[in-house]
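Step one of this worksheet: look at the structure below.
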Amino acid sequence: MLDKVFRNETLFIGKLFSIHFKLIEVSDLVDDHQWLLSAKMISIIGVLLSLCATVIAATLYDVFVHRKRLNKEREKFTFDSNNAIALNNGIDEKCETNYEKPGRPESGQQNRISQHLLCFSFLTNIEEIFKPEKGDDNLRVFYGLKTLTIAWIILGHALTYAFHILSNKWLVYIETEELLMQVISNFTFSVDAFFFMSGFLLSYTFLKERRKYQGIPPIAKRMNEFFQRIVKRYIRLTPAYFVVILIAILNFTWHHHVSALLPIEHPNTKCSKYWWTNILYINNFYRWDELCLTWSWYLPNDMQFFVFGSFLLTLSITHYNIAVGIGIVTLVSSIGSLVYTGYTLNYQPTFDKQYKTLTYLYIRPWCRIPPYLIGMATCHLLTKWNYKLHLSKKSLIVGWSLAILCNCSILLGVTKKNISLGLSVLYLALSRTGWALGIAWLVVACTTNHGGIVNKILSLDIFVPLSKLTYGAYLVNCIITLSLHSLDNYSLFMHHTIFSYTAITMIICSFTAAIVLSATVEMPFISLVRLYNNPPRMK
Numbered sequence: 001m002l003d004k005v006f007r008n009e010t011l012f013i014g015k016l017f018s019i020h021f022k023l024i025e026v027s028d029l030v031d032d033h034q035w036l037l038s039a040k041m042i043s044i045i046g047v048l049l050s051l052c053a054t055v056i057a058a059t060l061y062d063v064f065v066h067r068k069r070l071n072k073e074r075e076k077f078t079f080d081s082n083n084a085i086a087l088n089n090g091i092d093e094k095c096e097t098n099y100e101k102p103g104r105p106e107s108g109q110q111n112r113i114s115q116h117l118l119c120f121s122f123l124t125n126i127e128e129i130f131k132p133e134k135g136d137d138n139l140r141v142f143y144g145l146k147t148l149t150i151a152w153i154i155l156g157h158a159l160t161y162a163f164h165i166l167s168n169k170w171l172v173y174i175e176t177e178e179l180l181m182q183v184i185s186n187f188t189f190s191v192d193a194f195f196f197m198s199g200f201l202l203s204y205t206f207l208k209e210r211r212k213y214q215g216i217p218p219i220a221k222r223m224n225e226f227f228q229r230i231v232k233r234y235i236r237l238t239p240a241y242f243v244v245i246l247i248a249i250l251n252f253t254w255h256h257h258v259s260a261l262l263p264i265e266h267p268n269t270k271c272s273k274y275w276w277t278n279i280l281y282i283n284n285f286y287r288w289d290e291l292c293l294t295w296s297w298y299l300p301n302d303m304q305f306f307v308f309g310s311f312l313l314t315l316s317i318t319h320y321n322i323a324v325g326i327g328i329v330t331l332v333s334s335i336g337s338l339v340y341t342g343y344t345l346n347y348q349p350t351f352d353k354q355y356k357t358l359t360y361l362y363i364r365p366w367c368r369i370p371p372y373l374i375g376m377a378t379c380h381l382l383t384k385w386n387y388k389l390h391l392s393k394k395s396l397i398v399g400w401s402l403a404i405l406c407n408c409s410i411l412l413g414v415t416k417k418n419i420s421l422g423l424s425v426l427y428l429a430l431s432r433t434g435w436a437l438g439i440a441w442l443v444v445a446c447t448t449n450h451g452g453i454v455n456k457i458l459s460l461d462i463f464v465p466l467s468k469l470t471y472g473a474y475l476v477n478c479i480i481t482l483s484l485h486s487l488d489n490y491s492l493f494m495h496h497t498i499f500s501y502t503a504i505t506m507i508i509c510s511f512t513a514a515i516v517l518s519a520t521v522e523m524p525f526i527s528l529v530r531l532y533n534n535p536p537r538m539k
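Under UniProt numbering, think of the first position of the sequence shown as 1, with each following residue one higher.
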């Protein structure tokens with residue numbers, strides 16, 4: 001009936017204001033829970049319950065069996081040490097060291113099943129997340145950089161994934177041209193910071209492993225390490241990713257039956273159809289409106305860059321100049337593709353035009369790889385310099401000034417979005433590369449003891465555990481945003497106070513949910529990989 005009314009344009013308000021209505025969907029908002037009885041939902045619930053049961057069993061075993069056994073061994077160890085002290089007037093250096101810093105002894109009766117089970121202990125994984133990190137002091141800057149960057153991403157998602165329920169969209173469009181609003185409207189540069197960090201850390205890990213070998217390893221060993229690196233990366237990312245997809249299907253199927261507001265995302269249908277593209281990390285080759293969890297476009301790009309970067313690093317062992325040449329050609333080609341595509345699509349950096357060109361200019365790997373390559377190159381330079389760079393005070397001032405000027409002009413420089421096509425294409429092609437160069441200076445300065453107060457802030461201990469939660473926070477933040485807004489019965493009038501409250505709420509909720517996701521899914525599989533790489537010695 002409504003469809004007929006809209007097609008015949010019988011509504012007076014439509015004639016008065018020349019408005020054309022279209023019926024999108026009709027829902028009675030009655031949830032009889034029959035959808036839970038489908039084979040798909042039963043399978044999803046079964047997988048999630050099995051995971052929960054494993055975590056609970058592992059935690060109970062850890063608390064009531066494993067830790068009690070360790071405590072008994074420590075008590076026995078302390079008793080034996082005290083007897084040794086009593087029998088000897090002195091104590092040798094080795095015994096003294098063991099007495100003051102007793103290690104975590106390994107139970108001789110522990111079998112392989114219990115070792116695997118302990119990987120899923122919620123308590124142990126929580127301790128691992130909040131354990132102080134004893135890594136390279138030069139890289140502590142990445143703790144703060146990762147945490148603040150993911151907070152910026154959540155800030156941007158809090159607006160973009162709530163846009164469909166706003167009653168004042170026109171006002172938001174206008175405010176995107178204000179100077180301070182550029183931090184929100186240009187939040188996508190935060191993702192380029194993550195690409196830079198991923199490229200840097202890939203090179204850092206590779207070069208650190210290379211220092212263990214003398215000479216050039218045989219090709220069979222190099223290929224084995226290449227594929228092992230990719231498999232470890234896949235296992236590191238996929239389990240948590242897959243669980244979030246299952247939760248999204250279950251969650252948004254329920255919202256579909258009870259929500260009065262139509263969501264901008266439809267994971268209940270898109271993920272049911274395209275989930276396999278996410279697991280294979282090829283979903284960035286599909287259209288934006290076909291994506292399962294649209295915000296997950298970053299992960300296939302990161303995985304593909306990881307494979308490509310690993311190939312370049314492996315090639316550089318024997319053909320360094322060729323690897324560098326391929327990297328430079330790739331970077332230049334990426335910039336060229338942005339120029340061509342942006343000109344063809346008549347690109348403008350307006351909010352609505354950016355949304356319409358997401359498929360072709362935002363999620364494709366050949367459009368996003370420059371920051372990753374710049375991150376790899378930055379790590380190579382720092383390794384060559386041995387993380388020591390002697391600069392005069394004047395040179396440091398010039399370096400910091402250029403980096404700040406570069407990134408601020410990219411972030412805040414284009415307030416009036418309706419600029420000429422030539423300037424739009426130039427900004428599109430060079431902005432992300434320029435942003436990565438600014439981040440590169442920040443990392444170079446901080447890792448060579450020239451960061452000053454910036455390095456001290458980014459290296460604060462509070463960022464250590466938070467940085468371990470960035471992956472989980474990235475996966476769940478949009479689900480939380482969409483879910484909370486789907487429970488509303490009316491549209492939202494967005495202004496600065498409401499947005500600030502919403503953004504802070506989303507950041508807190510995202511990191512809280514990330515703790516649970518990391519402790520139950522992400523950390524267990526990381527521990528399993530470590531277990532297979534370094535199996536404990538049985539007594």
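Think of the CB as a built atom: it goes at the ideal place given N, C-alpha and C, for glycine as much as any other residue.
Neighbourhood of residue i by C-beta, 6 Å cutoff - its chain only, sequence neighbours within 5 removed
i, result
"A503", "L155 and A158"
"F525", "I235 and P239"
"L207", "T383"
"C379", "F200, S203 and Y204"
Buried/exposed call for residue i, threshold 16 Cβ in 10 Å
i, result
"N224", "exposed"
"F142", "buried"
"Y490", "exposed"
"C408", "exposed"
"Q354", "buried"
"I508", "exposed"
"D137", "exposed"
"Y213", "exposed"
"C52", "exposed"
"R140", "buried"
"G215", "exposed"
"I42", "exposed"
"L423", "exposed"
"Y471", "buried"
"P218", "exposed"
"D62", "buried"
"P132", "exposed"
"A220", "exposed"
"I153", "buried"
"S431", "buried"
"S401", "exposed"
"S198", "buried"
"I347", "It is worth fixing the name first, because residue 347 is Tyr in this sequence and not Ile. That one is buried."
"V30", "exposed"
"N89", "Low local confidence applies: a pLDDT of 49 at N89 is under 50, so the model's placement there is unreliable, with the coordinate-based value given in what follows. So N89 ends up on the exposed side."
Rounded Cβ spacing between residue i and residue j (contact assumed at less than 8 Å)
i, j, result
"T330", "I369", "6 Å"
"L202", "S310", "7 Å"
"L531", "H66", "With 8 Å as the limit, L531 and H66 do not qualify as a contact, their Cβ atoms being about 15 Å apart."
"R233", "M303", "7 Å"
"F122", "T520", "6 Å"
"F511", "L466", "7 Å"
"A323", "L312", "5 Å"
Close-in-space but distant-in-sequence residues of the same chain around residue i (CB under 7 Å, 5 per side omitted)
i, result
"S167", "S491, L492 and F493"
"I165", "L261, H485, D488, S491 and L492"
"K101", "Model confidence at K101 stands at a pLDDT of 38, short of 50, so the residue's coordinates are unreliable; what they give is reported in the following sentence. Closer than 7 Å at Cβ, skipping near neighbours: no residue."
"Y161", "I264, C478, T481 and L482"
"N284", "W297, P300, N301, I363, R364 and P365"
Close beta carbons around residue i, own chain, < 8 Å, minus the five adjacent residues each side
i, result
"L179", "L412 and T415"
"T433", "L331, I335, P370, P371 and I374"
Separation of residue j from residue i, as counted between CA atoms
i, j, result
"L148", "Q34", "43 Å"
"F130", "T54", "22 Å"
"T497", "F351", "21 Å"
"G144", "L442", "12 Å"
"S420", "L361", "18 Å"
"K468", "L517", "11 Å"
"A39", "I247", "16 Å"
"G325", "L381", "16 Å"
"Y274", "T357", "21 Å"
"residue 597", "L37", "This structure leaves residue 597 out entirely; the chain is present only between 1 and 539."
"L237", "E522", "8 Å"
"F306", "K22", "45 Å"
"N111", "T59", "17 Å"
What alpha helix (DSSP H) runs, 4 residues minimum, are completely inside the stretch 419-466? 421-447 and 452-458
Which parts of the stretch 110-135 are runs of the alpha helix (DSSP H), unbroken and 4 residues or longer, counting only runs that do not cross its ends? 112-118 and 122-129
Could you tell me which uninterrupted alpha helix (DSSP H) segments, each at least 4 residues in length, are contained entirely in the stretch 220-289, listed from first to last along the chain? 267-279
Which ranges would you report for the alpha helix (DSSP H) in the stretch 160-232 if only whole runs of at least 4 residues count? 169-175, 182-185 and 189-210
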